[in-house]
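> Position 169, counted from 1, in the sequence shown is what full-length UniProt numbering calls 169; the numbers after and before it change by one each time, with no gaps.
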Amino acid sequence: MSNRTKSKWITDFCLMPHFNKLIVGTGDREIQFFELSSFDPYCQIYGLETVPLKLDYSSTGHDECLILFGDNVGCVNIFVIKSAGECLRTWKKMPVPDGFIATIHLDAVISGFNVNFIRWQVHEDWVGQIKYYHDIGQVISCSNHPSTALVIGSTTGSTHVEQQLREIKDVNYSQEKNKQKAAYNIVKKRLGADETVFKVYKGVKVFDFSKAKNVIVTGGMDRIIRLWNPYVSLKPTAMLRGHAAPIFYLTIAEEDNRIYSISTDRCIRVWDIQDHTCLLTIRPKSHKIRGDLQAVYYSNISRSLAVATDQMAIMNLKH
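#1: Hey, is Val270 close to the ligand ATP, as in C-beta under 8 Å from one of its heavy atoms?
#2: What's the C-alpha gap between Arg223 and His243?
#3: By alpha-carbon positions, which one of Asp256, Val109 and Ser233 ends up nearest to Tyr46?
#4: Are there 16 or more other CB atoms within 10 angstroms of the CB of Asn144, so buried, or fewer, so exposed?
#5: How many angstroms separate the CA atom of Met1 from the CA atom of Thr103?
#6: Hey, quick one: how far does the alpha helix (DSSP H) through Asp107 stretch, first residue to last?
#7: Any chance the segment 62–80 sits against the segment 35–43, with 3 or more Cβ pairs inside 8 Å?
#8: Leaving out five residues on either side along the sequence, give the residues of the same chain with a beta carbon under 7 Å from the beta carbon of Val51.
#9: Tell whether a beta-carbon distance below 9 Å holds between Gln138 and Ile118.
#10: Leaving out the 5 sequence neighbours to the left and right, which residues in its chain are closer than 6 Å to Met239 when beta-carbon positions are compared?
#11: What runs of the beta strand (DSSP E), each 3 residues or longer, lie entirely inside the segment 263–302?
#12: In the DSSP assignment, find the unbroken beta strand (DSSP E) run with Ile226 in it and report its ends.
#13: Tell me, to the nearest whole angstrom, how far the beta carbon of Cys87 is from that of Val115; I am working on the premise that it is less than 8 Å.
#14: Considering only their Cβ atoms, is the gap separating Ile252 from Val296 smaller than 9 Å?
Laid out in structure tokens, this is it:
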């Protein structure tokens, strides 16, 4: 990777496999793109209103995609991009002011007709995780704020449909649209019909969703793992107790009917998704992983957990 002129706080990253890119968020309110094969800098969007703490990417069709980020003020921010390949090539041609990476301001990004930028005020605390699920066409995000702990919501919302109807009727709509794009920093709230809110004591730090199992699993500071029906937000269908520290990571292994959870004290538990029983507990004395947890990834192909602290460990969970 080319040398930066100054160090950056990297908040999160995600892959953009359809375009062979790595997307990175920074503490300087930037979204940067790197070549996935070489990690060479490609381009960056700067001038964001807030810090992009959590990132996600999803392809939504041929040469169309969503880039999403949750920020430090609880907003879900969404770039809806058409002709994505052309957009990336255009951004790559922008000036390189620091000698490191081609740079384009957010104003210039959203002034084009191929990019729509949407900001939803969803949470009342910073966003802890965000994920777009293509099979349901919804965004799920979470925060530590109990009253907006987990929210399932639409990307564009009903208000966008109303704007499309106006576009057909109103010849002056394009002028109004340009004014709206100029005021992108005005944050909107979704209509009640466009989102489902789950209230959780002490909020939600991590979640996972399975459409096949029709379940959302959440974990947070209160150390309890909750299972939810995605369409019933009043109370969880089950509560799994056993962890002695806040939940750091959760994943649903559909093929095995299992839930894997890791708490901040590095205790790993395996749960049965139907019986709601704990099948296995692996304590730090057994796996001997030391240090503070930084990242965890579950591979359903190898049925193993990759755990990163100040070292890397891979745990085979076949059973």
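Ideal placement from N, C-alpha and C gives every residue a C-beta, glycine not left out.
Taking the definition as stated:
#1: With respect to the ligand ATP, the structure shown offers nothing to examine, as it has no ligands at all.
#2: Translated into the one-based positions of the sequence shown, residue 223 becomes position 223. Translated into the one-based positions of the sequence shown, residue 243 becomes position 243. Rounded to whole angstroms, Arg223 to His243 spans 6 Å at the Cα level.
#3: Numbered from its first residue, the sequence shown carries residue 46 at position 46. Nearest of Asp256, Val109 and Ser233 to Tyr46, Cα basis: Val109.
#4: Translated into positions along the sequence shown, residue 144 becomes position 144. So Asn144 ends up on the buried side.
#5: For the purposes of this step, residue 1 is taken as residue 1 along the sequence shown, with counting starting at 1. For the purposes of this step, residue 103 is taken as residue 103 along the sequence shown, with counting starting at 1. Any reading at Met1 must be qualified, since the residue scores a pLDDT of 49, below 50, and its modelled position is unreliable; the value itself is stated next. Each residue's alpha carbon lies about 17 Å from the other.
#6: For the purposes of this step, residue 107 is identified with residue 107 of the sequence shown, where counting begins at 1. That run of the alpha helix (DSSP H) goes Leu106 to Ser111.
#7: no
#8: The count along the sequence shown starts at 1 and reaches residue 51 at position 51. Contacts found: Thr11, Gly27, Arg29, Asp71 and Asn72.
#9: Here residue 138 corresponds to residue number 138 of the sequence shown, with the count starting at 1. Here residue 118 corresponds to residue number 118 of the sequence shown, with the count starting at 1. No, the pair does not count as a contact, with Cβ atoms beyond the cut-off.
#10: Translated into positions along the sequence shown, residue 239 becomes position 239. Excluding sequence neighbours, Met239 sits near Ile224 and Arg226.
#11: 268–272, 278–282 and 295–299
#12: Working through the sequence shown from its first residue, we reach residue 226 at position 226. This sequence places Arg at residue 226; Ile is not what is there. Ile225 to Trp228 is the span of the beta strand (DSSP E), which, as asked, contains Arg226.
#13: For the purposes of this step, residue 87 is taken as the residue at position 87 of the sequence shown. For the purposes of this step, residue 115 is taken as the residue at position 115 of the sequence shown. So it is a contact: roughly 6 Å between Cβ atoms.
#14: The residue labelled residue 296 in the question sits at position 296 within the sequence shown. The residue labelled residue 252 in the question sits at position 252 within the sequence shown. Cβ distance not < 9 Å, so Val296 and Ile252 don't count as in contact.
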